[in-house]
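1 is the number of the first residue of the sequence shown in full-length UniProt numbering; add one for each residue after it. Each remark here refers to the structure printed beneath this line.
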Amino acid sequence: MLCRNQLSARIVHSLGQRLFSTTIRLRNAEVPVKDGKKLSPQEAKIEAARLAMKSLKDMGSLFSLGKKDAVQPIDTAPVFEEPLLFAELSLLHKGQVLEELQQKMDQKWAKLTEQDKKLAYYIYYGNWGPREKFANWNDTSAPLDLPFTLPSLIRTSAPQSNDLVKQLEPVILGETEVRKEQFETSKIDPVTKTLIYITIFIAMVALARDKNTGEKGKPVEPVIEDLYAKKKEEEGGRQEALEEASLKKSLRRWYYLWLK
């Protein structure tokens with residue numbers, strides 16, 4: 001599952017880079033051309049959006065499980081009316097909503113409706129993804145990961161020029177209630193814990209095997225007998241014996257046979 005997620009992330013990154021470069025080329029081209037016809041800046045922007053949607057469809061087809069509806073455009077009106085629906089959309093449909101919202105934001109901001117602004121705020125600050133437990137995104141209360149307490153502790157409301165200003169103590173953002181679980185370093189997820197246990201077990205088996213291999217913990221050195229060298233050594237010994245006998249025979253005197 002982990003490998004599949006990594007592969008999916010690489011595919012999304014690659015397609016995203018291709019989509020970004022294609023859109024930039026179309027938007028920055030001096031004279032955009034389609035089918036031999038020069039496009040106006042507005043037509044070029046529409047063509048870029050069309051290519052963006054096509055790329056998103058291709059991206060979505062990689063993750064679909066054979067369902068045609070999964071790669072078909074959806075009606076985004078309910079999402080603009082209820083921003084909470086954005087978190088439940090697939091990757092492809094999130095891209096569709098983002099593209100439509102970006103088209104509206106590329107125009108004059110005065111034309112943005114209250115629904116558009118709420119959806120944009122939810123996408124960037126809503127309780128989904130890393131901010132899943134930030135349930136107070138749409139009210140006026142302080143953010144749940146605010147690094148200081150409210151109301152602030154003010155020593156004086158009428159500061160003077162001779163007042164000393166001291167450096168504030170460092171604040172650890174991970175100690176806020178909503179972030180404690182995300183920044184918990186003592187806990188390990190089950191997959192990582194299993195891999196660590198397997199690694200420790202393999203290391204223990206390897207150490208035990210090394211300790212019990214051979215005599216006194218030393219590995220047994222295999223002795224490889226060289227038959228060719230042994231045969232050559234035997235032939236050399238016989239040759240030396242023959243030479244020694246021949247030398248003794250040559251040292252005999254002329255009267256050896258007569259005495260014999």
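Ideal Cβ placement from N, Cα and C applies to all residues, glycine included. Computed from a prediction, not measured in an experiment: that's the story for all the values here.
Handout entry: Close-in-space but distant-in-sequence residues of the same chain around Leu119 (CB under 8 Å, 5 per side omitted)
Key = Locating residue 119 in the sequence shown gives position 119, where the first residue counts as 1. Val79, Phe80, Pro83, Phe86, Val97 and Leu101.
Problem - Option in Pro147, Ser186 and Leu207 with minimal Cα separation from Val178 - result: As a first step, residue 178 is located in the sequence shown; it is residue number 178 there, counting from the start. Ranking the options by Cα distance to Val178, first place goes to Pro147.
Practice task
Drop a sphere of 10 angstroms on the beta-carbon of Ala245, count the other beta-carbons inside from all chains shown, and report buried for 16 or more, exposed for fewer.
Solution key: Sequence index remark: in the sequence shown, residue 245 carries index 245 (1-based). Its Cβ having fewer than 16 others within 10 Å, Ala245 is exposed.
Exercise for the section: Quick one: give me the first and last residue of the alpha helix (DSSP H) that Gly237 is part of. Expected result: Sequence index remark: in the sequence shown, residue 237 carries index 237 (1-based). Looking at the DSSP string, the run of the alpha helix (DSSP H) that includes Gly237 is Leu227 to Ser250.
Exercise for the section: Give a yes or no on whether the minimum CB-CB distance between Thr149 and chain C is below 8 Å. Expected result: Going by chain labels, chain C is absent from the structure shown, which holds only one protein chain.
Exercise for the section: Run the CB neighbour count on Ala48, radius 10 Å, all protein chains shown included, and call it buried at 16 or more, exposed below. Expected result: Translated into the one-based positions of the sequence shown, residue 48 becomes position 48. It is buried - the Cβ of Ala48 has at least 16 other Cβ atoms within 10 Å.
Practice task
Return helix, strand or coil for Ile172, following the three-state DSSP convention.
Solution key: What you label residue 172 is simply residue 172 of the sequence shown in a count that begins at 1. Three-state DSSP puts Ile172 in coil, outside helix and strand.
Handout entry: C-beta contact flag for Leu144 and Asn136 at 8 Å
Key = Counting from 1 along the sequence shown, the entry for residue 144 is found at position 144. Counting from 1 along the sequence shown, the entry for residue 136 is found at position 136. In contact: Leu144 and Asn136 (Cβ atoms closer than 8 Å).
Exercise for the section: Would you give the residue range spanned by the alpha helix (DSSP H) that Asp139 belongs to? Expected result: Here residue 139 refers to the residue found at position 139 when the sequence shown is read from its first residue. Premise fails: Asp139 is in no alpha helix (DSSP H) and is neither H nor E.
Problem - Local Cβ density within 10 Å of Ala77, reported as buried at 16 or more and exposed below that - result: As a first step, residue 77 must be located in the sequence shown, where it is residue number 77. Exposed: under 16 other Cβ atoms inside 10 Å.
Practice task
Apply the 10 Å Cβ neighbour rule to Leu227 and answer buried if 16 or more other Cβ atoms are within range, or exposed otherwise.
Solution key: Residue numbering aside, residue 227 sits at position 227 when the sequence shown is read from its first letter. The residue in question, Leu227, is exposed, as its Cβ has fewer than 16 Cβ neighbours within 10 Å.
Problem - Chain-order list of residues whose beta-carbon lies under 6 Å from that of Ala74 (same chain, five-residue window excluded) - result: Working through the sequence shown from its first residue, we reach residue 74 at position 74. Per the sequence presented here, residue 74 reads as Ile, with Ala not at that position. Closer than 6 Å at Cβ, skipping near neighbours: His93.
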